[in-house]
Amino acid sequence: SSDDINEVENYTNKKYAEPNAEYFGKAEGKNIIKIHLESFQSFLIDYKLHGEEVTPFLNSLVHDKSKNFTYFDNFFHQTGQGKTADAEFLLDNSLYGLPQGAAFVTKGTNTYQALPAILDQKQDYTSAVFHGDDRSFWNRNQIYKYLGVDKFYDSSYYDMSEEKVINYGLKDKPFFKQSMPMLEELQKQDEPFYAHLLTLTHHYKFLLDEGDETIEPADTGDGTVDRYFQTARYLDESLEQFFQDLKEKGLYKDSVIMIYGDHYGISQNHNRAMREITGEKITPLKNANLQRVPFMIRVPGVESQGINHEFTGQVDVMPTLLHLLGINANDYIQFGTDIFSDEHEDFVPFRDGDFMTKEYSYVKGTFYDNKTGEVIEEPTEEMKELKNQVHYELSLNDEVLNGDLLRFYEPYEDWEPVDPSDYQYGKNFE
Ligand code: GP9
Ligand code: MN
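Numbering-wise (UniProt numbering), the sequence shown opens with residue 219 and increments by one.
Take a look at the structure:
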């Protein structure tokens, strides 16, 4: 009911972090290119295998200040069973997925006030998603209409001939190549645009065709882990080529470019091999630490911070972007806060109620000191309170989704609810 949404609003209002004047509005009206790195965990950054960097291109974005990216090395995924779909959901709604199943599927017809719709209404953005898989996967072809995604370039728009496809769908190199003409069309007709490109090749079981391998596998004897580095390298090369193409087409210089990892690629079934890779036993705390995924952002005209160590997660991306565009995030129901704000709080909830802060972590019922890795036998009141707060935040989130509570929420007076019948996806519908 509307009482329930009031309780949620009280909470999100309290958590809200004021924008940082140095960043507020700096990206207004600029094209946004958001790149989804499938199954990419942050331990790959700067990792050397057989003496070679696995992802030299991404590493260069982290370290070469002239490329003007800010890299967040304490950024975590917050996904549950919905995996990719949860990551998309978090980034475009600043809401968590569900404790079970995928909100994309089971809450595919809820009312949302999502980023594509907000950008459209506030600054006349056209939103587009690019993905070399069938549009029905993860129920995207339904929920995107409720999020207000204008264009969805699914596999029906791509040349999916056999040699271009592996595992779930189109390989990343032909995917980025073939996405260029569609991006150019947006550039011609639909600026400013908000483009979201979802990669796919670096996905369990991490398969590559022979000619696409450019680094030797690892040698732990666990095939999944061993191949993980090869598909990561392939993804890295596909990005380098994509950046080159963006530059050639005049789409690089003045665009906001955002790169994020969706979720882990190596599950706990591979702890033995991961011990070899990381040189450390995979304890519950170490596993929690491995849930870091990359987040990098480049805003034209704004100086890079290099490596930012703030503790943050996927739920924080939307309010951050809104503030960069000069849109007040506080009008909307959001559980995340602006990463660039001085008021951004340093705690990151995971979907299962565990969480991390700069100093300590709560993992499977136990508090740990991050520095020493030791169990904290007697947690402070503050620690216990934060644990309760995380629990409360997640339960409010689930009430929003299960009760479809955004039906009762009006962001501001002339907000127009999204009408799903305005949208139709698939090449054959054009
Ligand atoms: C499929 C792709 C994979 O379209 O997004 O989803 P995942 O298995 O990673 O959740
Ligand atoms: Mn995924």
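We put the beta carbon where it would ideally sit given N, CA and C, even for glycine.
So residue i and residue j are supposed to be a Cβ contact under 8 Å. How far apart are they, rounded?
| i | j | result |
| --- | --- | --- |
| His254 | Gln509 | The Cβ separation is near 17 Å, so there is no contact. |
| Asn311 | Phe411 | Contact flag wrong, Cβ pair sits at about 20 Å. |
| Leu624 | Tyr330 | 6 Å |
| Gly315 | Asp351 | So it is not a contact: roughly 19 Å between Cβ atoms. |
| Leu401 | Met536 | The pair is not a contact, with the Cβ atoms about 22 Å apart (cut-off 8 Å). |
| Ile361 | Tyr627 | No, Ile361 and Tyr627 are not in contact; Cβ-Cβ is about 18 Å, not under 8 Å. |
| Gly300 | Phe322 | 6 Å |
| His385 | Thr419 | Inspection of the sequence shows that residue 385 is occupied by Asn rather than by His. That belief holds up - the Cβ atoms of Asn385 and Thr419 are roughly 7 Å apart, short of 8 Å. |
| Pro638 | Tyr364 | 5 Å |
| Tyr586 | Leu464 | At roughly 42 Å, the Cβ-Cβ gap does not stay under 8 Å, so Tyr586 and Leu464 are not in contact. |
| His541 | Pro237 | 4 Å |
| Leu619 | Asn328 | 7 Å |
| Leu426 | Thr449 | 6 Å |
| Leu267 | Phe424 | Actually they are not in contact, since the Cβ atoms of Leu267 and Phe424 sit about 14 Å apart, beyond 8 Å. |
| Arg451 | Val581 | The pair is not a contact, with the Cβ atoms about 31 Å apart (cut-off 8 Å). |
| Tyr234 | Thr555 | 7 Å |
Let me know if residue i comes out buried or exposed under the rule of 16 or more other beta-carbons within 10 Å of its beta-carbon.
| i | result |
| --- | --- |
| Lys471 | exposed |
| Ala239 | exposed |
| Gly366 | buried |
| Gly247 | exposed |
| Gly609 | The amino acid at residue 609 is misidentified as Gly; the sequence shows His. Counting Cβ neighbours within 10 Å, His609 comes out exposed, since fewer than 16 surround it. |
| Gly269 | exposed |
| Val593 | exposed |
| Lys645 | exposed |
| Glu381 | exposed |
| residue 194 | Here the chain has residues from 219 to 648 only, and residue 194 is not among them. |
| Asp480 | buried |
| Gln567 | Reading the sequence as shown, one finds Pro at residue 567 and not Gln. So Pro567 ends up on the buried side. |
| Gln532 | buried |
| Thr538 | buried |
| Tyr643 | buried |
| Lys467 | exposed |
| Tyr376 | buried |
| Lys283 | exposed |
| Gly519 | exposed |
| Ser379 | exposed |
| Gln407 | exposed |
| Pro512 | buried |
| Pro392 | buried |
Residues whose Cβ lies closer than 6 Å to any heavy atom of the ligand MN, in chain order: Shown in chain order are the residues whose CB sits closer than 6 Å to a heavy atom of the ligand MN: Glu256, Ser257, Lys301, Thr302, Asp480 and His481.
At what residue ranges does the segment 432 to 487 contain a whole run of the alpha helix (DSSP H), taking only runs of 4 or more? List check, alpha helix (DSSP H) in window: 441 to 466.
Every unbroken beta strand (DSSP E) inside the segment 284 to 310 [3 residues or more]: Correct list: 288 to 290.
Does the segment 523 to 541 come close enough to the segment 284 to 298 that 3 or more CB-CB pairs lie under 8 Å? The segment 284 to 298 makes contact with the segment 523 to 541; the number of CB pairs closer than 8 Å reaches 3 or more.
Three or more beta-carbon pairs under 8 Å between the segment 395 to 415 and the segment 330 to 343, yes or no? Yes, the segment 395 to 415 touches the segment 330 to 343.
Contiguous alpha helix (DSSP H) assignments of at least 4 residues, all confined to the segment 361 to 408: Here the runs fully enclosed are 390 to 407.
Beta strand (DSSP E) runs contained entirely in the segment 547 to 584, provided each spans 3 or more residues: Whole beta strand (DSSP E) segments, 3+ residues: 565 to 567, 573 to 575 and 578 to 581.
Cβ contact check for the segment 425 to 433 and the segment 444 to 456: 3 or more pairs under 8 Å: With contact defined as three or more Cβ pairs closer than 8 Å, the segment 425 to 433 and the segment 444 to 456 are in contact.
Does the contact criterion of 3 or more C-beta pairs under 8 Å hold for the segment 223 to 232 versus the segment 609 to 618? Look at the beta carbons and you see the segment 223 to 232 touching the segment 609 to 618: at least three pairs across the two are nearer than 8 Å.
For the segment 300 to 308 against the segment 484 to 501, do three or more pairs of beta-carbon atoms, one drawn from each stretch, fall closer than 8 Å, so that the two count as touching? No, because fewer than three Cβ pairs between the segment 300 to 308 and the segment 484 to 501 fall closer than 8 Å, the two stretches do not touch.
Take every Cβ of the segment 512 to 524, pair it with every Cβ of the segment 543 to 553, and state whether three or more of those distances are shorter than 8 Å. With the cut-off at 8 Å, the segment 512 to 524 and the segment 543 to 553 do not touch.
Enumerated in chain order, which unbroken segments of the alpha helix (DSSP H) with a length of 4 residues or greater are wholly contained in the segment 511 to 553? As far as the segment 511 to 553 is concerned, its whole alpha helix (DSSP H) runs of at least 4 residues are 535 to 542.
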